[in-house]
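I have placed the structure first, in the form of structure tokens, so that the comments after it can refer back to it.
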Amino acid sequence: MNLILRAIAVTAFILSQAAVAGEAEVEYHAVSPDMQLPFSEAVRVGNMLYLSGQLGYDSETSSLVEGGIAAETRQTLENIKAVLEKHGSSMAEVVKCTVFLADIKEWAAMNAVYITYFPSNPPARSALGSSGLALDARTEIECMATVKN
Numbered sequence: 052m053n054l055i056l057r058a059i060a061v062t063a064f065i066l067s068q069a070a071v072a073g074e075a076e077v078e079y080h081a082v083s084p085d086m087q088l089p090f091s092e093a094v095r096v097g098n099m100l101y102l103s104g105q106l107g108y109d110s111e112t113s114s115l116v117e118g119g120i121a122a123e124t125r126q127t128l129e130n131i132k133a134v135l136e137k138h139g140s141s142m143a144e145v146v147k148c149t150v151f152l153a154d155i156k157e158w159a160a161m162n163a164v165y166i167t168y169f170p171s172n173p174p175a176r177s178a179l180g181s182s183g184l185a186l187d188a189r190t191e192i193e194c195m196a197t198v199k200n
């Protein structure tokens, strides 16, 4: 939990410094206009896009995908891909990811799927175990990516 709070604090500090310095405009992108969630789906600062953590949530079934860590990791990365593309970026533009695991023992199974989404020039990454994730997910992944336009 302490690492999560540190990651949030560092991200908030970076965003606030860019905004205060006036170097870049900050754009906040809501998850959905009809959902009242206490976070943005993505925040763009200059040519950087900061994504909130994604889960292996299937919007068609309104639940986490079944099949364990591999299936959840695949759906999580598909959700990340969709958010990136929605906001003018792509998986190839990802420069940093943080992977949260409900059980660090599932790292190898998560990694087997993760590497298929970054076949070349993999982004920097941190991975850590936690005492629990939202919706009882097995993994949550957040990313930072560049935006070309």
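For the sequence shown, this note's numbering assigns the number 52 to the initial residue and increments by one for each residue that follows.
The beta-carbon is built from N, C-alpha and C at its ideal position, and this holds for glycine as well.
Unbroken alpha helix (DSSP H) stretches of 4 residues or longer found wholly inside the stretch 115 to 199: 119 to 137, 158 to 168, given in chain order.
Straight through space, the alpha carbons of E76 and N162 are spaced by roughly 35 angstroms. Under the three-state reduction of DSSP output, S83 falls in the coil class, being neither helix nor strand. For the options S83, T167, E144, the alpha carbon positioned closest to that of Y101 is the one of E144. The stretch 175 to 192 makes contact with the stretch 118 to 130; the number of CB pairs closer than 8 angstroms reaches 3 or more.
In chain order, L66, V77, E78, Y79, H80, L100, Y101 place their CB closer than 8 angstroms to the CB of V94, counting only its own chain and leaving out the 5 sequence neighbours on each side. T167 and D85 have their C-alpha atoms some 34 angstroms from each other. Beyond the five residues adjoining it in sequence on each side, V134 comes within less than 8 angstroms, by CB distance, of E92, A93, L102, Q105 in the same chain, given in chain order. When secondary structure is reduced to three states using DSSP, S103 falls in the coil class, being assigned neither helix nor strand.
Of the residues assessed, A196 falls on the buried side of the cut-off, its CB having 16 or more other CB atoms within 10 angstroms. Its Cα nearest to that of F151, the residue S177 stands out among S177, A160, A159. Sequence-distant Cβ neighbours of V146 in its own chain, meaning closer than 7 angstroms and more than five residues away, are P174, A175, M195, A196, T197. Where A93 is concerned, the enclosing beta strand (DSSP E) starts and stops at 91 to 96.
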